[in-house]
Amino acid sequence: MNDSLVVLSSLVVPPEVEVFAAEKGIKPYLNTVIDLARKAFPSSGLCVSLGQDAEDEQHRYIALDVEVGGQTTEELLAGQHIWSAGIQRVCPSRHAVYFVLGWR
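In this text, residue positions in the sequence shown follow our numbering: the first is 10, and each later residue adds one.
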């Protein structure tokens, strides 16, 4: 994963993420997916970066990392449920593979 994580206070994302999103044809979904992560974990800090699959170096993705320290199991499960149900609504599955939610 890229070490240059950026905490999002608005819908601003790092330029390399914007370029990657444009190259993959997922730019129309980027802000909506970010909003979904915020809805799923509203009290968490959110960072975005480019990530790379550990087993398949060819597969890169946009990592949405949420700070979940101090959250209860119930809050984590509720947030994960919102994310899992919502990603299907806001982004076609062929494009959703380029968005990965992570907990930090």
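Just so you know, even glycine gets a beta-carbon here, dropped at the ideal spot from N, CA and C.
Being a predicted model, the structure only gives us computed values, none of them experimental.
Residue i (DSSP reduced to helix, strand or coil)
i: Gln67; result: coil
i: Asp44; result: helix
i: Gln89; result: helix
i: Pro23; result: coil
i: Val106; result: coil
i: Leu17; result: For Leu17, the predicted structure reports a pLDDT of 41, less than 50, and the residue's modelled location is therefore unreliable. A value from the coordinates is still provided. Three-state result, Leu17: coil.
i: Thr81; result: coil
Minimum C-alpha distance to residue i - residue among the options
i: Gly78; options: Ser52, Ala31, Ala72; result: Ser52
i: Ala31; options: Gln61, Ile71, Leu110, Glu66; result: Ile71
i: Leu55; options: Gly34, Val75, Glu83; result: Val75
i: Thr82; options: Ile35, Pro101, Trp112; result: Trp112
i: Gly60; options: Leu73, Ala49, Lys48; result: Leu73
i: Glu25; options: Ala63, Arg69, Leu45, Phe50; result: Arg69
i: Gln89; options: Phe29, Arg47, Thr41; result: Arg47
i: Val99; options: Ile35, Pro23, Phe29; result: Ile35
i: Phe50; options: Ile91, Tyr107, Pro101, Ser102; result: Ile91
i: Arg103; options: Tyr38, Pro23, Val28; result: Tyr38
Residues bridged to residue i [DSSP beta-bridge criterion]
i: Leu55; result: Val75
i: Gly60; result: Tyr70
i: Gly95; result: Answer is none; Gly95 lacks a bridge partner.
i: Gly111; result: Asp74
Cβ distance (whole Å) where residue i is taken to contact residue j below 8 Å
i: Ile96; j: Ala87; result: Incorrect: roughly 15 Å between the Cβ atoms, too far for contact.
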